[in-house]
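What follows is a single structure, written as structure tokens, with notes after it.
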Amino acid sequence: MASKKTQSVKKVAPKKAAPKAKTTKAAPKVKAAPVQTGPRHPKGRVVAAHTSKADLAKTLASALAHGDQDAGVIETKLKTASNSQLLRLQKATQTLKDKYGSRDKLIEAITSAKKTGKDKDFVTKLASYSLPQLLDLAAASKRAAKSATK
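For the sequence shown, counting from 1, position 54 maps to 53 in numbering that gives the first Met the number 0; every step adds exactly one.
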């Protein structure tokens, strides 16, 4: 005859609970007012700031037209540009207005920093550059002048 195998279960004494410390009720957390954030996507930023892509293109066309260029032609080109490109151009025109005032003053600042104001060919070549290119040249010439003084 086979004997049955019995399992014995050991009884473990329950652990003593830690003595409860005197607790004070914490003040309820005050929720901060939600911060208003703008849209992150380029289309959302264009619509939030300028109501439509066409309106932004219209305002940029007048600022980007130089020399004998027609603002209407530039506006039609800008309407087909991407929203992120329009936002970059809007930032460039804002920088131009804030720092230099006009395109001619920007070109003058570049030529004075490079000390090439008497070179008429260089000045006419600068006049043919786009606004972002001119802003990059102005920043580079400012850095070069700053490092030359050190």
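C-beta: ideal position from N, C-alpha, C; glycine also.
From a predicted model like this one, the values you see are computed outputs, not experimental measurements.
Neighbourhood of residue i by C-beta distance below 7 Å, restricted to the same chain and skipping five residues each side
i: L55; result: V45, H49, L85, Q89
i: A32; result: none
i: A112; result: S140, K141, A144
i: A137; result: L105, A108, I109
Euclidean distance between Cα positions of residue i and residue j
i: S101; j: P27; result: 56 Å
i: T123; j: A47; result: 38 Å
i: K30; j: K76; result: 48 Å
i: S146; j: S51; result: 43 Å
i: S83; j: K42; result: 8 Å
i: K117; j: D103; result: 15 Å
i: Y99; j: P131; result: 13 Å
i: R87; j: S81; result: 10 Å
i: A64; j: V34; result: 38 Å
i: E74; j: T58; result: 9 Å
i: K24; j: P13; result: 30 Å
Sequence-distant residues of its chain with Cβ nearer than 8 Å to residue i (five each side left out)
i: L134; result: A91, T94, L95, L105
i: K78; result: K52, A53, A56
i: E107; result: G116
CB-CB length for residue i against residue j, believed under 8 Å
i: A70; j: S61; result: 5 Å
i: L66; j: A126; result: The question names Leu, yet the displayed sequence has Gly at residue 66. Rounded, the Cβ-Cβ distance is 7 Å, consistent with contact.
Min CB distance residue i to chain C below 9 Å
i: A62; result: Looking at the structure shown, chain C is missing, and only one protein chain is on hand.
Sequence-distant residues of the same chain with beta carbon closer than 6 Å to residue i, five excluded per side
i: V72; result: none
i: F121; result: T115
Open item on the list: Suppose only complete runs of 4+ residues qualify. What are the alpha helix (DSSP H) ranges in the region 19-63, listed by chain order?
Closed with: The qualifying runs are 41-49, 52-63.
Open item on the list: So within the region 83-107, which uninterrupted alpha helix (DSSP H) runs reach at least 4 residues, ignoring any that extend past its ends?
Closed with: Listed in chain order, there is nothing to give.
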